[in-house]
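Below: the structure, in structure tokens.
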Amino acid sequence: MAHSGEVFELRFENVLGNLLRAGVSMAAAVVLIGGVVYLFRHGAEPFAYKVFRGEPTDLRNIAGIINSARSLNGRGIIQLGLLMLIATPVARVVFSVGAFAAEKDWKYVVITLIVLAVLIYSILSGGA
Amino acid sequence: MGSLTGLGGGVVIVPMLTLLLNVNIRYAVGASLVSVIATSSGAAAAYVKEGFTNIRIAMFLEMATTFGALGGALLAARVPAPAIAVVFGIVLLHSAFVSMRKPADQPWEGPPDKWSAILRLDSAYPNRNGSVPYRVVNIPAGFSLMFVAGILSGLLGIGSGAVKVLAMDRAMRVPFKVSTTTSNFMIGVTAAASAGVYLNRGYIDPGLAMPVMLGVLTGSVTGARILAGAKTKALRITFAVVILALGAEMIYSGLSGRL
Chain H
24 MAHSGEVFEL RFENVLGNLL RAGVSMAAAV VLIGGVVYLF RHGAEPFAYK
74 VFRGEPTDLR NIAGIINSAR SLNGRGIIQL GLLMLIATPV ARVVFSVGAF
124 AAEKDWKYVV ITLIVLAVLI YSILSGGA
Chain F
17 MGSLTGLGGG VVIVPMLTLL LNVNIRYAVG ASLVSVIATS SGAAAAYVKE
67 GFTNIRIAMF LEMATTFGAL GGALLAARVP APAIAVVFGI VLLHSAFVSM
117 RKPADQPWEG PPDKWSAILR LDSAYPNRNG SVPYRVVNIP AGFSLMFVAG
167 ILSGLLGIGS GAVKVLAMDR AMRVPFKVST TTSNFMIGVT AAASAGVYLN
217 RGYIDPGLAM PVMLGVLTGS VTGARILAGA KTKALRITFA VVILALGAEM
267 IYSGLSGRL
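Residue numbers (the working numbering), protein chains in the order written: chain H, 24 to 151; chain F, 17 to 275.
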């Protein structure tokens with residue numbers, strides 16, 4: 024039992040590591056593409072972040088970001104990449120729920136589901 | 017910019033953006049949060065395969081950090097920017113102090129902990145001669161400190177490494193290698209919990225987050241290579257001095273209303 028548990032955890036850790044690396048690489052690639060598009064169109068505009076204005080609503084939620092990225096808006100594509108980046112740890116938690124369930128470790132399935140609920144609440148509603 | 021931040025992660029990004037580039041602190045925290053997710057997930061990918069990361073400790077404590085991070089992010093919307101700067105400065109001073117001290121790495125020799133047994137937190141880490149078993153203790157204290165670390169992370173956009181060291185190394189007696197890799201593993205999920213709120217509130221600006229995230233990512237890759245051959249003691253002292261100066265400057269700017 025202890026031995027099979029160890030083998031299981033080793034495999035679990037490998038998949039987890041690959042998942043994290045893939046998520047970050049993909050997100051970085053999308054952000055880079057968006058950045059090129061953005062700089063190509065707006066690179067000459069002055070830099071103004073002293074005053075806080077907040078982002079327009081279409082760059083604040085998942086549907087708006089996807090729409091904006093589909094119309095090949097540079098800022099929209101960057102935001103899509105950032106969204107993928109934020110989704111990477113969420114995907115890690117989703118994967119962990121499955122892994123703990125496969126190991127029949129129900130205590131940790133519950134713990135992981137609680138963490139997942141907080142993440143989903145934050146991303147979908149922003150606590151509003 | 018990136019190679020410096022590779023040393024300490026988020027704690028350098030916000031002061032540099034606000035103090036040197038005059039970026040509003042809310043945008044700076046938003047950009048810092050996404051960079052923190054990028055670097056910690058990238059590093060975690062490597063660490064987790066080495067087998068030092070304790071995934072059960074991480075999952076259990078993430079309940080505390082994600083709730084804290086959600087609270088901290090909601091708090092960030094209500095707290096005025098100068099106050100955030102002052103809290104940030106205090107955290108920087110504390111981090112400088114913690115980074116100067118040597119890690120206390122004494123394994124727990126006493127009886128097993130009740131909570132640790134229930135949650136199966138005790139584990140072992142690999143070394144040259146096989147594996148070294150360890151026990152963890154003071155779970156409620158560690159859990160509470162992690163909640164505080166989560167709040168600070170959500171409010172300031174940092175990984176809260178210094179508070180996590182307090183919780184895991186000092187309170188719970190997690191071995192050094194395990195605590196650093198496990199705390200790094202947790203940062204991504206913790207930061208994601210507050211990044212959701214920041215995104216929904218429009219605090220994450222793509223034009224700012226893009227160069228910061230890409231810069232920090234490349235910096236952390238090259239920084240790790242340079243670090244491998246550098247003298248760690250000199251680096252630690254330099255880093256502590258930089259953090260100390262940034263912390264003092266953040267407090268001064270916050271109090272004088274410059275931010």
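Note that beta-carbon positions come from the ideal geometry of N, C-alpha and C, so glycine has one too.
All of these numbers come straight from a predicted model, not from anything done at the bench.
Inter-residue CB distance, residue i and residue j (contact presumed, cutoff 8 Å)
i, j, result
"Ala165 of chain F", "Thr81 of chain F", "6 Å"
"Leu108 of chain F", "Met226 of chain F", "That pair is no contact at about 25 Å."
"Val148 of chain F", "Ala140 of chain F", "6 Å"
"Asn37 of chain H", "Asn216 of chain F", "Actually they do not touch by this definition, with Cβ atoms about 34 Å apart."
"Ser236 of chain F", "Leu49 of chain F", "No, Ser236 of chain F and Leu49 of chain F are not in contact; Cβ-Cβ is about 15 Å, not under 8 Å."
"Ala114 of chain H", "Leu42 of chain H", "6 Å"
"Arg64 of chain H", "Gly58 of chain F", "29 Å between Cβ atoms; not a contact."
Distance cut-off 7 Å: residue i Cβ against heavy atoms of the ligand SAM
i, result
"Ala112 of chain F", "The ligand SAM is not part of this structure, which contains no ligands at all."
Distance, residue j Cα to residue i Cα
i, j, result
"Gly99 of chain H", "Gly270 of chain F", "33 Å"
"Gly105 of chain F", "Thr234 of chain F", "27 Å"
"Val53 of chain H", "Leu103 of chain H", "7 Å"
"Ser119 of chain H", "Gly273 of chain F", "45 Å"
"Ala93 of chain F", "Thr206 of chain F", "18 Å"
"Met17 of chain F", "Gly58 of chain H", "Bear in mind that a pLDDT of 40 at Met17 of chain F, under 50, signals an unreliable position, so the number given afterwards is only what the model happens to contain. Using only the alpha carbons, I get a separation of about 18 Å."
"Leu20 of chain F", "Lys127 of chain H", "For Leu20 of chain F, the pLDDT reaches just 43, beneath the cut-off of 50, and the residue's location in the model is therefore unreliable, leaving the point undetermined."
"Val52 of chain F", "Leu224 of chain F", "14 Å"
"Thr34 of chain F", "Tyr214 of chain F", "17 Å"
"Leu39 of chain H", "Gly67 of chain F", "12 Å"
"His110 of chain F", "Met32 of chain F", "18 Å"
"Met24 of chain H", "Leu182 of chain F", "With a pLDDT of 37 at Met24 of chain H, under the threshold of 50, the predicted position of this residue should be treated as unreliable, though the coordinate-derived value follows. C-alpha separation (whole angstroms): 34 Å."
"Val64 of chain F", "Ile73 of chain F", "13 Å"
"Ile259 of chain F", "Pro127 of chain F", "39 Å"
"Gly146 of chain F", "Pro191 of chain F", "16 Å"
"Pro142 of chain F", "Val95 of chain F", "45 Å"
"Val232 of chain F", "Arg93 of chain H", "27 Å"
"Leu77 of chain F", "Phe163 of chain F", "8 Å"
"Thr197 of chain F", "Phe255 of chain F", "20 Å"
"Gly121 of chain H", "Lys193 of chain F", "27 Å"
"His26 of chain H", "Met188 of chain F", "Below a pLDDT of 50, predicted positions are generally treated as unreliable, and His26 of chain H, at 44, falls in that range; no measurement from the model is reported."
"Gly22 of chain F", "Val141 of chain H", "Residue confidence for Gly22 of chain F is low, a pLDDT of 39 falling below 50, so the modelled location carries little weight; the figure read from the coordinates is stated next. Looking at the two C-alpha atoms, the distance is approximately 29 Å."
"Leu161 of chain F", "Val60 of chain H", "43 Å"
"Met75 of chain F", "Arg34 of chain H", "18 Å"
"Asp138 of chain F", "Ile137 of chain H", "22 Å"
"Pro79 of chain H", "Ile203 of chain F", "28 Å"
"Asn38 of chain F", "Tyr268 of chain F", "15 Å"
"Ile101 of chain H", "Ala250 of chain F", "38 Å"
Beta-carbon spacing of residue i, residue j below 8 Å
i, j, result
"Asp10 of chain F", "Tyr43 of chain F", "With chain F covering only 17 through 275, there is no way to say anything about residue 10 of chain F."
"Gly173 of chain F", "Val30 of chain F", "yes"
"Ala50 of chain H", "Leu108 of chain H", "yes"
"Thr69 of chain F", "Phe201 of chain F", "yes"
"Ile41 of chain F", "Ala101 of chain F", "yes"
"Phe123 of chain H", "Thr111 of chain H", "no"
"Ala89 of chain F", "Gly175 of chain F", "no"
"Gly177 of chain F", "Ser199 of chain F", "yes"
"Ser132 of chain F", "Arg151 of chain F", "yes"
"Asp129 of chain F", "Val153 of chain F", "yes"
Best match in the options for proximity to residue i [C-alpha to C-alpha]
i, options, result
"Met79 of chain F", "F:Val258, F:Phe159, F:Ala225 and F:His110", "F:Phe159"
"Leu135 of chain F", "H:Leu142, H:Val133 and H:Tyr144", "H:Val133"
"Ala60 of chain F", "H:Gly87, H:Gly46 and H:Ile85", "H:Gly46"
"Val45 of chain F", "F:Leu137, F:Ala178 and F:Met229", "F:Met229"
"Leu62 of chain H", "H:Phe35, H:Ala125 and H:Asn96", "H:Asn96"
"Leu147 of chain H", "H:Ile88, H:His65, H:Lys130 and H:Ala125", "H:Ile88"
"Gly263 of chain F", "F:Ile167, F:Gly218 and F:Ala112", "F:Ala112"
"Ala47 of chain F", "F:Val179, F:Gly212 and F:Ala261", "F:Gly212"
"Val116 of chain H", "H:Tyr131, H:Leu106 and H:Leu105", "H:Tyr131"
"Ser145 of chain H", "F:Ile253, F:Gly87 and F:Val257", "F:Gly87"
"Ser48 of chain H", "H:Asn90, H:Ala125, H:Leu105 and H:Trp129", "H:Leu105"
"Leu91 of chain F", "F:Ala250, F:Val257, F:Met116 and F:Leu168", "F:Leu168"
"Val114 of chain F", "F:Leu36, F:Ala99, F:Gly218 and F:Lys180", "F:Lys180"
"Ile143 of chain H", "F:Ala250, F:Ala261 and F:Phe83", "F:Phe83"
Interface residues of chain H facing residue i [CB-CB closer than 9 Å]
i, result
"Ile253 of chain F", "Here the premise fails: no neighbours, minimum Cβ distance about 31 Å."
"Leu230 of chain F", "Ala51, Val54, Leu55 and Gly58"
"Leu135 of chain F", "Lys130, Tyr131 and Ile134"
Residues that residue i contacts on chain F, provided the C-beta gap is smaller than 7 Å
i, result
"Asn37 of chain H", "Lys65"
"Gly46 of chain H", "Ser57"
"Val116 of chain H", "Val205"
Contacts that residue i makes with chain F (C-beta to C-beta distance below 9 Å)
i, result
"Ser94 of chain H", "Chain F residues near Ser94 of chain H: none, gap ~14 Å exceeds 9 Å."
"Asn84 of chain H", "Leu215 and Asn216"
Within chain H, partners of residue i - CB distance below 7 Å
i, result
"Thr82 of chain F", "Val138, Val141 and Leu142"
"Ile174 of chain F", "Chain H residues near Ile174 of chain F: none, gap ~16 Å exceeds 7 Å."
"Phe76 of chain F", "Ile134"
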